[in-house]
Amino acid sequence: MNPDSIVPDVLPAVLLTGIEKSFGTGSSITRALRHTDFEARRGEMLFLVGPSGCGKTTLLSILAGTLRPDAGEVVVYGHDLHAASESERTAFRTRHLGFIFQQFNLIPSLSIVENVSVPLVIQGKKRREAEGRAADALDRVGLGDRLHERPGKLSGGQQQRVAIARALVHDPPLIVCDEPTSALDRENGRRVMEILRDAADERGRTVIIVTHDPRIYSYADRMAEMEDGRISRLLDSPAAIATAHPDT
Ligand SMILES: Nc1ncnc2c1ncn2[C@@H]1O[C@H](COP(=O)(O)OP(=O)(O)OP(=O)(O)O)[C@@H](O)[C@H]1O
Ligand SMILES: [Mg+2]
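Numbered according to my numbering, the sequence shown terminates at residue 236, and the numbering increases by one at each position without gaps.
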């Protein structure tokens, strides 16, 4: 699939406008997103940072189409996800999205090569082809010798790399990562960031990363800082990020 054929280049990859999202009711209501605007450009690596509870995962879930906002516009690669039906949103995710969840969401009863094959199987690929591509993706994250193990036998960092392989195996135009390096040591964190950086630079993929990890800030093209349910500041270049976060 060529993502560039889907919509003209002038449109951003992701455009969220006036997003409202609350959880709970009455006195226990939490306003997770407060009239939030957010944009990601095609082919960029955009970081989303902010304190725990400020709404980062909620924002990612909305742009991934797994959570509906209470109000606002959600347009992702030209698709209006707010207006879309449940089945249209599922079809959108299958084709366009690789998602690395904060909790890795691996299927415990499947081997890791089967886990990584899932997005391809859903797309209708034959099992043999799917597992071949899954094995390649696992090899790239350094797990080529563990293909037939169950996730429960792996460390947290290894499971995280399986989740990353699964998000990339079908080469989606939009890759969304919630804390992709949180369980990784420096070397594996660097390896994963290089893979994601290549996806953006060489394949024009849009990569959105939520992180608390200052060790990886230097990989970002732009950074959106979030506070209390809104984007509080946008750092529009690597130089602006380096100036705002001099210790990274
Ligand atoms: N399913 C839910 N039910 C109730 N409240 C929720 C739910 N999901 C999120 N919230 C609340 O919404 C707010 C934003 O949560 P969110 O998970 O988006 O934060 P976050 O920025 O991702 O935090 P962290 O860095 O800890 O992952 C929090 O106050 C959280 O308690
Ligand atoms: Mg979160």
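In this text, a Cβ means the ideal position worked out from N, Cα and C, and glycines have one as well.
Annotation: the continuous alpha helix (DSSP H) that includes I100 extends over 100 to 110. In the displayed model, E8 falls within a strand according to three-state DSSP.
In this structure, DSSP gives V180 a helical state, which the three-state scheme calls helix. Between C165 and V198, the C-beta gap is smaller than 8 Å, which places the two residues in contact.
Annotation for S75: the continuous alpha helix (DSSP H) segment containing it runs 74 to 84. Around the CB of I183, 16 or more other CB atoms lie within 10 Å, so the residue is classed as buried. Under the criterion of beta carbons closer than 8 Å, L85 and P0 do not qualify as touching, at roughly 15 Å. Checking the 7 Å criterion, the Cβ of T45 is within range of a heavy atom belonging to ligand 2.
C-alpha of Q91 to C-alpha of G145: approximately 12 Å in a straight line. With a cutoff of 7 Å, Q90 counts as near ligand 2, since its C-beta is closer than that to a heavy atom of the ligand. For T18, there is no enclosing alpha helix (DSSP H); the residue is part of the beta strand (DSSP E) that begins and ends at 18 to 28. Note that the C-beta distance between M214 and K44 is below 8 Å.
The three-state secondary structure of L162, taken from DSSP, is strand. With a cut-off of 7 Å, the C-beta of C42 is classified as near ligand 1, since at least one heavy atom of the ligand falls inside that distance. E167 counts as buried, since at least 16 other C-beta atoms from the protein chains shown sit within 10 angstroms of its C-beta.
DSSP places T194 within a strand segment (E or B) once states are collapsed to three.
DSSP places E215 inside the beta strand (DSSP E), whose first and last residues are 210 to 215. For R221, same chain residues with a beta-carbon under 6 Å away, outside a window of 5 residues either side, are E213 in chain order. In the DSSP secondary-structure assignment, D68 is bridged to V63. Judged by DSSP in its simplified three-state form, S220 adopts strand. Between I219 and F26, the C-beta gap is smaller than 8 Å, which places the two residues in contact.
In this model, V195 and T236 are separated by some 20 Å (Cα to Cα). Within the DSSP secondary-structure output, I88 pairs in a beta bridge with C165.
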